[in-house]
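All remarks here apply to the structure that follows.
There are 2 protein chains.
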Amino acid sequence: MLKQLSTSAFFCAKRAYSNVTGKINARKYVLTKYFQGEPKQSDFKIVEEELPELKDGEILTEAEYLSVDPYMRAYMIGYKLPTDMIGGQVANNTAYFGVKEILYPKAGETIAITGAAGAVGSHVGQIGKILGCRVIGFAGTDEKCEYLQKELGFDHAFNYKTANIKTALREGAPNRIDCYFDNVGGEISSTIMGHMNKYGRVAVCGSISSYNDTTLPKVTILQPSIVFKELKVEGFLVNRWLDRWDEGIKANMNWLQEGKIKYEEKVYSGFDNMVEALVGILRGENTGKAVVKVK
Amino acid sequence: MLKQLSTSAFFCAKRAYSNVTGKINARKYVLTKYFQGEPKQSDFKIVEEELPELKDGEILTEAEYLSVDPYMRAYMIGYKLPTDMIGGQVANNTAYFGVKEILYPKAGETIAITGAAGAVGSHVGQIGKILGCRVIGFAGTDEKCEYLQKELGFDHAFNYKTANIKTALREGAPNRIDCYFDNVGGEISSTIMGHMNKYGRVAVCGSISSYNDTTLPKVTILQPSIVFKELKVEGFLVNRWLDRWDEGIKANMNWLQEGKIKYEEKVYSGFDNMVEALVGILRGENTGKAVVKVK
Numbered sequence: 028m029l030k031q032l033s034t035s036a037f038f039c040a041k042r043a044y045s046n047v048t049g050k051i052n053a054r055k056y057v058l059t060k061y062f063q064g065e066p067k068q069s070d071f072k073i074v075e076e077e078l079p080e081l082k083d084g085e086i087l088t089e090a091e092y093l094s095v096d097p098y099m100r101a102y103m104i105g106y107k108l109p110t111d112m113i114g115g116q117v118a119n120n121t122a123y124f125g126v127k128e129i130l131y132p133k134a135g136e137t138i139a140i141t142g143a144a145g146a147v148g149s150h151v152g153q154i155g156k157i158l159g160c161r162v163i164g165f166a167g168t169d170e171k172c173e174y175l176q177k178e179l180g181f182d183h184a185f186n187y188k189t190a191n192i193k194t195a196l197r198e199g200a201p202n203r204i205d206c207y208f209d210n211v212g213g214e215i216s217s218t219i220m221g222h223m224n225k226y227g228r229v230a231v232c233g234s235i236s237s238y239n240d241t242t243l244p245k246v247t248i249l250q251p252s253i254v255f256k257e258l259k260v261e262g263f264l265v266n267r268w269l270d271r272w273d274e275g276i277k278a279n280m281n282w283l284q285e286g287k288i289k290y291e292e293k294v295y296s297g298f299d300n301m302v303e304a305l306v307g308i309l310r311g312e313n314t315g316k317a318v319v320k321v322k
Numbered sequence: 028m029l030k031q032l033s034t035s036a037f038f039c040a041k042r043a044y045s046n047v048t049g050k051i052n053a054r055k056y057v058l059t060k061y062f063q064g065e066p067k068q069s070d071f072k073i074v075e076e077e078l079p080e081l082k083d084g085e086i087l088t089e090a091e092y093l094s095v096d097p098y099m100r101a102y103m104i105g106y107k108l109p110t111d112m113i114g115g116q117v118a119n120n121t122a123y124f125g126v127k128e129i130l131y132p133k134a135g136e137t138i139a140i141t142g143a144a145g146a147v148g149s150h151v152g153q154i155g156k157i158l159g160c161r162v163i164g165f166a167g168t169d170e171k172c173e174y175l176q177k178e179l180g181f182d183h184a185f186n187y188k189t190a191n192i193k194t195a196l197r198e199g200a201p202n203r204i205d206c207y208f209d210n211v212g213g214e215i216s217s218t219i220m221g222h223m224n225k226y227g228r229v230a231v232c233g234s235i236s237s238y239n240d241t242t243l244p245k246v247t248i249l250q251p252s253i254v255f256k257e258l259k260v261e262g263f264l265v266n267r268w269l270d271r272w273d274e275g276i277k278a279n280m281n282w283l284q285e286g287k288i289k290y291e292e293k294v295y296s297g298f299d300n301m302v303e304a305l306v307g308i309l310r311g312e313n314t315g316k317a318v319v320k321v322k
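Quick note, the sequences are listed as chains A and B, same order.
Numbering-wise, the first sequence is residues 28 to 322 according to the working numbering.
Numbering-wise, the second sequence is residues 28 to 322 according to the working numbering.
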């Protein structure tokens, strides 16, 4: 049983069960050492704790699936250790608000997406197609690119590990880029911003390329593109639109029912394999949303 | 005599005079070689040309002062050579629209400015003070910093060549930065964005630090700050607000008359010294606006 304390924060990596005394215990991941490079099992200990009694208005739910997302690597800095590992529910409308509020693409415009085969990227691309845009994606394997083009309807998808990015941009975006959904940061983002149109918009959703680095990497300076193309580059975390949560969920549900949006899941098994799952998605093992099946 | 073809573009570096035949000739700078590093006199030739006759609605004005600005270094790429050198009038409301439309600071917020002693930077800081903000500036000499603090009322000014930027930010902006007016790009901008508050705004007006480089330099990646602080980073060129030119001029005139804004000028002498003036401002010789007195 998992105590649902809020829509985000506290709790994903926590599994609870009733014991013979009727009290409710939970297991959780506690970070005991700051990450160096990739997260390691030895950076955590799994702690069992007794949950407080429910108060009026609180509910207790059992977690069947836990979410694993790149931000979980990036957030665990600056806390006094040991501290509970963060995590969230299995819910995604990050893509919806990022596209609608930050990129606001018009039909006929071109959208570029990095981390395009991930949970958010693959969703962004499909919303772009629904809105009548040309969509090009960058992902880390040829299989992912094929999936994006054949299954999800991307106009072009390129393997960023093997493609020449500038050539890919010329081929995939002959009218250049109007909107860029940036999941990765890094040199590829500098190159893409150099290929944008005047008044282009950039939604910065993540910086996966740098999460495992101890010191932040250096990449080609962005300011010349930003000023001479008058770009607007905006970072966002989805809880900014917490009061519009329902709107995002409804829109996505409608598109799903109409068959306009598809999704893939990468399922890891077992609460004890949370760290393995986190390392996996940072390496790009997943296509679509990554989740951990608790039992 | 200078033919006023538009409010920007064509022609600042052009000087005309009546000759004995009554025709009107002008001299102009023509770029014959792409810049490598600092601009050099040998990258140009000065060409004399006969101006076409005036048509209805056109006027001819004599240039007494010509403007010299950092963007003139940055713009001269990608043209088929030889081409006329760009330039503009002596008029500045860049600061007004950058502050009002991109930073929209609230009283009590903290504004950081790089290239703070330049024409635009010194203007931005004074507008910030008028709006009730805390203002900190970064400039290239101790004398400029003293001028910013003692003459223009900046709360703090630091010599970026000798100061530790992180220490300066902690001292000058104990409540961190809400608005950043970026004239320079470069590593200092990455450091400042790392010291910003959530929902901070960045107005990217220039990238002076990289204008003389043949290939763009690499600096610490910005995306982690942009996403986790949900920053909005927007580049702009002032001609976006051409239809509101009068508004900017009137606001500045009022502040000048009320003694709320002061300005300095660095005056270079002679049309033949335009290149020297351009190199000078890229090296940071000027405090305030740089102009060339034609005669």
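Note that beta-carbon positions come from the ideal geometry of N, C-alpha and C, so glycine has one too.
Predicted model only: the values in this text are computed from it and were never measured.
Is the Cβ of Phe263 of chain B closer than 9 Å to any Cβ of chain A?
For this step, residue 263 of chain B is matched to residue 236 along the second sequence. Interface residue, yes.
DSSP-derived helix/strand/coil call for Arg100 of chain A
Along the first sequence, one-based indexing puts residue 100 of chain A at 73. It is helical.
Cross-chain neighbours of Ser94 of chain B in chain A, by beta carbon under 7 Å:
On the second sequence, position 67 is the one that residue 94 of chain B refers to. One finds nothing in chain A with a Cβ atom closer than 7 Å to the Cβ of Ser94 of chain B; even the nearest lies about 18 Å away.
If you follow the beta strand (DSSP E) that Lys72 of chain B is in, where does it begin and where does it stop?
In the second sequence, residue 72 of chain B corresponds to position 45, counting from 1. Unbroken beta strand (DSSP E) run through Lys72 of chain B: 71-77.
How about Tyr238 of chain B and Ala134 of chain B: are their beta carbons less than 9 Å apart?
On the second sequence, position 211 is the one that residue 238 of chain B refers to. On the second sequence, position 107 is the one that residue 134 of chain B refers to. No. Outside cutoff.
Could you have a look at Leu283 of chain B and say whether DSSP puts it in helix, strand or coil?
Along the second sequence, read from residue 1 onward, the residue named residue 283 of chain B stands at position 256. DSSP places Leu283 of chain B within a helical segment (H, G or I) once states are collapsed to three.
Could you give the distance in angstroms between the alpha-carbon of Gly213 of chain A and the alpha-carbon of Gly142 of chain A?
The count along the first sequence starts at 1 and reaches residue 213 of chain A at position 186. The count along the first sequence starts at 1 and reaches residue 142 of chain A at position 115. Going from the Cα of Gly213 of chain A to the Cα of Gly142 of chain A covers about 12 Å.
Going along chain B in order, which residues have a C-beta closer than 8 Å to the C-beta of Pro251 of chain A?
Looking up residue 251 of chain A in the first sequence gives position 224. The contacting residues are Ala101, Gly212, Ser234, Ser237, Leu243.
Supposed close pair Met280 of chain B, Val95 of chain B - CB separation, criterion 8 Å
Against the second sequence, residue 280 of chain B aligns to sequence position 253. Against the second sequence, residue 95 of chain B aligns to sequence position 68. Approximately 23 Å separates the beta-carbon atoms of Met280 of chain B and Val95 of chain B; this is outside 8 Å, ruling out the contact.
Which listed residue (B:Phe185, B:Ile51, B:Glu312, B:Gln63) has its alpha carbon closest to that of Leu243 of chain B
Position 216 of the second sequence, counting from 1, holds the residue named residue 243 of chain B. When only C-alpha atoms are compared, the closest one is B:Gln63.
The stretch 294-317 of chain A: which residues have C-beta closer than 9 Å to a C-beta of chain B, in chain order?
Listed in chain order, the positions of the stretch 294-317 of chain A with a beta carbon within less than 9 Å of a beta carbon of chain B would be empty, since no residue qualifies.
Per DSSP, what kind of secondary structure is Ala304 of chain A in: helix, strand or coil?
By one-based count along the first sequence, residue 304 of chain A stands at place 277. When secondary structure is reduced to three states using DSSP, Ala304 of chain A falls in the helix class.
Listed from N- to C-terminal order along the chain, which residues in the stretch 264-281 of chain A have their beta-carbon within a distance smaller than 9 Å of any beta-carbon of chain B?
Listed in sequence order: Leu264, Arg267.
Element boundaries [beta strand (DSSP E), containing Asp299 of chain A]:
As a working mapping, residue 299 of chain A is identified with position 272 in the first sequence. First-last for Asp299 of chain A: undefined, no H or E at that position.
C-alpha distance - Gln153 of chain B paired with Ile138 of chain B, whole-angstrom precision:
One-based indexing of the second sequence puts residue 153 of chain B at position 126. One-based indexing of the second sequence puts residue 138 of chain B at position 111. Cα atoms of Gln153 of chain B and Ile138 of chain B: separation of roughly 11 Å, rounded to the nearest angstrom.
Determine the burial state of Ser296 of chain A: buried for a count of at least 16 other Cβ atoms within 10 Å of its Cβ, exposed for fewer.
For the purposes of this step, residue 296 of chain A is taken as residue 269 along the first sequence, with counting starting at 1. So Ser296 of chain A counts as exposed.
Are Leu93 of chain B and Phe298 of chain B closer than 9 Å when you measure CB to CB?
Within the second sequence, numbered from 1, the residue matching residue 93 of chain B stands at position 66. Within the second sequence, numbered from 1, the residue matching residue 298 of chain B stands at position 271. Taking 9 Å as the Cβ cut-off, Leu93 of chain B and Phe298 of chain B qualify as a contacting pair.
Kindly indicate if chain B contains any beta-carbon less than 9 Å away from that of Phe71 of chain A.
For the purposes of this step, residue 71 of chain A is taken as residue 44 along the first sequence, with counting starting at 1. Not an interface residue.
Is it the case that the CB of Asp83 of chain B approaches a heavy atom of the ligand ZN more closely than 8 Å?
Within the structure as shown, the ligand ZN is missing, as the structure has no ligands at all.
Asn202 of chain A: buried (16+ other C-beta within 10 angstroms of its C-beta) or exposed?
Here residue 202 of chain A refers to the residue found at position 175 of the first sequence. The residue in question, Asn202 of chain A, is exposed, as its Cβ has fewer than 16 Cβ neighbours within 10 Å.
Counting along the chain, where does the beta strand (DSSP E) carrying His183 of chain A start and finish?
In the first sequence, residue 183 of chain A corresponds to position 156, counting from 1. DSSP places His183 of chain A inside the beta strand (DSSP E), whose first and last residues are 183-186.
If I measure Cβ to Cβ from Phe124 of chain B and keep anything under 8 Å in the same chain, skipping five residues before and after, which residues do I get?
The count along the second sequence starts at 1 and reaches residue 124 of chain B at position 97. Closer than 8 Å at Cβ, skipping near neighbours: Phe263, Val265, Arg267, Trp268, Arg271, Gly275.
Need the endpoints of the beta strand (DSSP E) that Asp205 of chain A sits in, please.
Translated into the one-based positions of the first sequence, residue 205 of chain A becomes position 178. First-last of the beta strand (DSSP E) with Asp205 of chain A: 204-209.
The stretch 117-131 of chain B: positions lying closer than 8 Å to chain A by Cβ:
Of all residues in the stretch 117-131 of chain B, none has a Cβ within less than 8 Å of some Cβ in chain A.
So that I know if they touch, is there some Cβ in chain B lying closer than 9 Å to that of Phe255 of chain A?
For the purposes of this step, residue 255 of chain A is identified with residue 228 of the first sequence, where counting begins at 1. Interface residue (Cβ-Cβ distance to chain B less than 9 Å): Phe255 of chain A is classified as such.
When the distance is taken between beta carbons, is Phe208 of chain B closer than 9 Å to Gly148 of chain B?
Taking the first residue of the second sequence as position 1, residue 148 of chain B is located at position 121. Taking the first residue of the second sequence as position 1, residue 208 of chain B is located at position 181. Result yes, Cβ atoms of Gly148 of chain B and Phe208 of chain B sit closer than 9 Å.
Tell me, please, whether the CB atom of Asp182 of chain B is closer than 9 Å to any CB atom in chain A?
Position 155 of the second sequence holds residue 182 of chain B. Asp182 of chain B does not count as touching chain A.
Give a yes or no on whether 9 Å exceeds the smallest Cβ distance from Val321 of chain B to chain A.
As a working note, residue 321 of chain B is residue 294 in the second sequence. Judged by the 9 Å Cβ criterion, Val321 of chain B is not in contact with chain A.
Chain B within 9 Å of Thr247 of chain A, Cβ atoms only
As a first step, residue 247 of chain A must be located in the first sequence, where it is residue number 220. True, the Cβ-Cβ gap to chain B drops below 9 Å.
Given a limit of 7 Å on CB to CB distance, which residues of the stretch 215-232 of chain B reach chain A?
Within the stretch 215-232 of chain B, contact with chain A at the beta-carbon level (separation under 7 Å) is assigned to Ser216, Val231, Cys232.
Touching or not, the stretch 211-225 of chain A and the stretch 190-197 of chain A, by the rule of three or more beta carbon pairs under 8 Å?
At 8 Å Cβ cutoff, the stretches touch.
Tyr131 of chain B (DSSP reduced to helix, strand or coil)
Position 104 of the second sequence, counted from the start, is the residue given in the question as residue 131 of chain B. Three-state DSSP puts Tyr131 of chain B in coil, outside helix and strand.
Helix, strand or coil for Ile163 of chain A? Go by DSSP, reduced to three states.
Stepping through the first sequence from its first residue, residue 163 of chain A is reached at position 136. Note: Ile163 of chain A maps to strand in three-state DSSP.
Does DSSP put Gly152 of chain B in a helix, a strand or coil?
Indexing the second sequence from 1 puts residue 152 of chain B at position 125. Correct three-state label for Gly152 of chain B: helix.
Neighbour flag for Lys188 of chain B against chain A, beta carbons, 9 Å:
To locate residue 188 of chain B, count along the second sequence from 1; it is residue 161. No - not a single Cβ of chain A is within 9 Å of the one on Lys188 of chain B.
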